[in-house]
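**Student:** The structure that follows is given in the form of structure tokens.
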Amino acid sequence: MFAMNWLNQKTPVWLTSGVLYGLAWPAFPIQTGWLAWFALVPVLLRLRRVRSFGEHVRVTLPVFLVALPFVCWWLSYYSLLAMPMIWLTQGPFIWVPMALLYPVQKRIGWRKAMLLLPLFWAFWEWAWLYVCDFDLAVGGPGTTQANLLLVNQFADLTGVWGLIFWAIGFNVLLARVIDQTEIQPLRQVGLRLAGVSALWLAGPLLYGWFVRAVPSTVIKSGLPPVHVGLLQTNEDPYAPLKPTTQADMLRRLVALGTKAAKVKPEDLLPDRTQPSVARPDLIIAPEGAFPLPLLQDSALFAGMRQYVQYYNVPFATGIMTPTDSTHYYNEAFVFTPELSRIYEPMGLKPGDLQVYRKQQSLAFSERSPLLFRWADRWLRPGKPSVRLGDKPVAFTFTDQKGNTRKLALAICWEQIYPATIAGLVRDETGQSPVEFLSFVMNDGWFYDSPGSRILLAFTQLRAIENRRSIARCSNQGYSGYVDPFGRIVSLLPRRAEAVGSVSMVANTKLSFFSRHPDWFPITCGLLWVVGILLGLRTANKSIPSSFLTRSTELPTLRYAVPPGQKQNDLHKIETPLS
């Protein structure tokens, strides 16, 4: 009676599942994502015996309230109200798939409801992310698989939504196996669990092995690499901005930029004419690198133009551009030597430049969600709100060998949004997809907490989904290079001024996910509806479940046995079949 013994333990199942689920996130130096494969099994088995919605709530909702601090506590660095707000605004919505499980289970039975759970979970995480503007998007179970590179490579087909389906499906599979073998010895249960786990893992493992063994299936061969210089400024976003602070920030930024672009004497060949190391084709500075509005400060903008023209290297950065006293744009752009040479002769102005405006924001930080806009004066007192852009932008530049290259920039939190990044890769406004991505970040808000590690895991997921190299440039780290298979090729040290030089794989082949980022969750939603209808139809045609019973073995009790009745008859009760 393996399942019964498990469920009768003194530790509540919601606590066991909640802790395992919280520990599964990529917040630790070691990989713990495999915990998500079975974290929810105890609570799923416990739902077999639930008799009311109140009991269902008491069993399931605490799972996510326990897990959320493991996942999101680092947001408390930004505000002490972060965790209470997360419990109130994220907990109930993360719980929705479990909440809806109760009425479904009542109508079609526990076993069939379990089969439909992964479908609805994948659909719900997608729908909530794009319908609600207060989803922080860090609590989805797909994130737990972000750095399990042996099994998550099929994300280039399904996106993170397929990982959600797969991880929840693993839990459902194990729960059903345990339920079906509850009266068998532990050894037999273990063997059966090992067998079905091997089968469930086989598909992702084989696909991952194949794309790594034959990379030409997902990467276009023959494209020259791109050499990128990264500036990690180590600016503290909590430090107050004063004129002296701003001047010091600019001096250090110029020094880092010069170090990244300049060819040192020891880097020259013996004939002293050509560098022995590759000069960068592009230099990238992080979000918030400039303490002043670059496009509105003529002297600052002129200095940036002179830098680009003098070192003959394109420069990409994130910038803040105020629109009034209460609003601003969070932008990114690339300034090229070609543009610098024609800027004055053509009478161009900063407003004529092509810029990318951030399309997604961090709820409650950069602006209040629509439902909470009325409380903005208390939630974000005295803070301006970001205005969002509405379209992807791709930038072109010429590398040191004269090749035209194409990239897209994403800004900080919008790396959480799979379809947004896929739209940047496709570049529907241009003739060809971008060759690589750059994420300009400001992870200094979270100090040395697991937050930076979790956000780095999102970068790995986006790289796999779109099969693009990503140059990640953050003010305090992690800055580095993630390849199209999600592997972290290089990282600069955290919380230190540093300059990095990376050689990145270029790719113009679009993954299936990049072309169709929403196909999998929509398909899951449709299949869930079909499954519900078929389940209801079957239930309506069958004899009412109250008349269908089966015997369930209970722990042995000692009674005085009436004459003519066997002791074993008292060990059975009648329960509805499902």
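Just add 158 to the spot in the sequence shown (first one is 1) and you have our numbering. Just so it is clear, CB atoms sit at the ideal spot from N, CA and C, and this is done for glycine as well. As the structure is a prediction and not an experimental result, all values here were calculated from the model.
1) Do N665 and E593 come within 9 Å of each other at the CB atom, strictly closer than that value?
2) So, for S661: in the same chain, excluding its five sequence neighbours on each side, which residues have a beta-carbon less than 6 Å away from its beta-carbon?
3) Please name the residue or residues paired with F597 in a DSSP beta bridge.
4) Could you please give me the residues that DSSP links to M478 through a beta bridge?
5) If you draw a straight line from the alpha carbon of P227 to that of M241, how long is it in whole angstroms?
6) Starting from Y235, trace the beta strand (DSSP E) in both directions and tell me its first and last residue.
7) Would you mind working out which of V598, P276, W245 sits nearest S637, comparing C-alpha positions?
8) Enumerate, from N- to C-terminal direction, the unbroken alpha helix (DSSP H) stretches of 4 or more residues contained entirely within the stretch 655–706.
9) What ranges does the beta strand (DSSP E) occupy inside the stretch 373–424, keeping only unbroken runs of at least 3 residues that lie completely in it?
10) According to DSSP, simplified to helix, strand and coil, what is R611?
11) Which first and last residues belong to the beta strand (DSSP E) in which A523 is found?
12) On the three-state DSSP scale, how would you describe Y605?
13) Could you check whether the stretch 648–658 touches the stretch 547–565, counting it as contact only if at least three pairs of C-beta atoms, one from each stretch, sit closer than 8 Å?
14) Using a 10 Å radius around the Cβ and a threshold of 16 neighbouring Cβ atoms, would you call N698 buried or exposed?
15) Since L619 and A197 are thought to touch, with beta carbons under 8 Å apart, how far apart are those beta carbons, to the nearest angstrom?
16) Opposite G638 in the DSSP bridges: which residues?
17) What did DSSP end up calling A552 once you bin it into helix, strand or coil?
18) Report the three-state DSSP secondary structure of V224 (helix, strand or coil).
19) Could you check whether the stretch 245–253 touches the stretch 683–692, counting it as contact only if at least three pairs of C-beta atoms, one from each stretch, sit closer than 8 Å?
20) Give me the Cβ distance between I322 and G300, rounded to the nearest whole Å; I'm assuming they're in contact under 8 Å.
21) Across which residues does DSSP place Y514 in a beta bridge pair?
22) Taking C-beta to C-beta, are G353 and P276 nearer than 9 Å?
23) Of all Cβ atoms in chain D, is any one closer than 9 Å to the Cβ of L308?
24) If I574 sits next to A225, beta carbons under 8 Å apart, how far is it from one beta carbon to the other, in whole angstroms?
25) Going by DSSP, what residue range makes up the alpha helix (DSSP H) through V254?
26) Under a three-way DSSP split, which group does S543 fall into?
27) Check the C-beta distance from R463 over to Y514 and give it rounded, since I have them as a contact under 8 Å.
28) Is it the case that the Cβ atoms of K667 and I442 are separated by a distance below 9 Å?
29) Quick one, which of L537, L307, Y487, A285 has its alpha-carbon nearest G366's?
30) Provide the residue span of the alpha helix (DSSP H) that contains I244, from first to last.
31) I'd like to check one pair, A182 with L173: are the Cβ atoms closer than 9 Å?
32) Please tell me whether L274 and G249 are closer than 9 Å, where the distance is taken between their beta carbons.
33) Per DSSP, L440 forms a beta bridge with which residues?
34) Report yes if the C-beta distance between F522 and V492 is below 9 Å; otherwise report no.
35) Taking the C-alpha atoms as reference points, what is the distance between S648 and Q338?
36) Just to confirm my understanding: we take L219, look at its own chain, exclude 5 residues before and 5 after, and list those with CB closer than 7 Å. What are they?
**Tutor:** On the basis of the supplied data:
1) yes
2) P383, H385
3) A568, R630
4) N488
5) 7 Å
6) Y235 -> no beta strand (DSSP E), and no H or E assigned at all.
7) V598
8) 670–673, 677–699
9) 384–390
10) helix
11) Correcting the residue type first, residue 523 is Ser in the shown sequence and not Ala. No beta strand (DSSP E) holds S523; DSSP gives it neither H nor E.
12) coil
13) no
14) exposed
15) In fact, because the Cβ distance is near 19 Å, the residues do not count as touching under 8 Å.
16) R630, L649
17) strand
18) helix
19) no
20) 4 Å
21) A490
22) no
23) Going by chain labels, chain D is absent from the structure shown, which holds only one protein chain.
24) Not confirmed; about 18 Å, so no contact.
25) 254–266
26) strand
27) No, R463 and Y514 are not in contact; Cβ-Cβ is about 19 Å, not under 8 Å.
28) no
29) L307
30) 240–247
31) no
32) no
33) V386
34) no
35) 47 Å
36) W253
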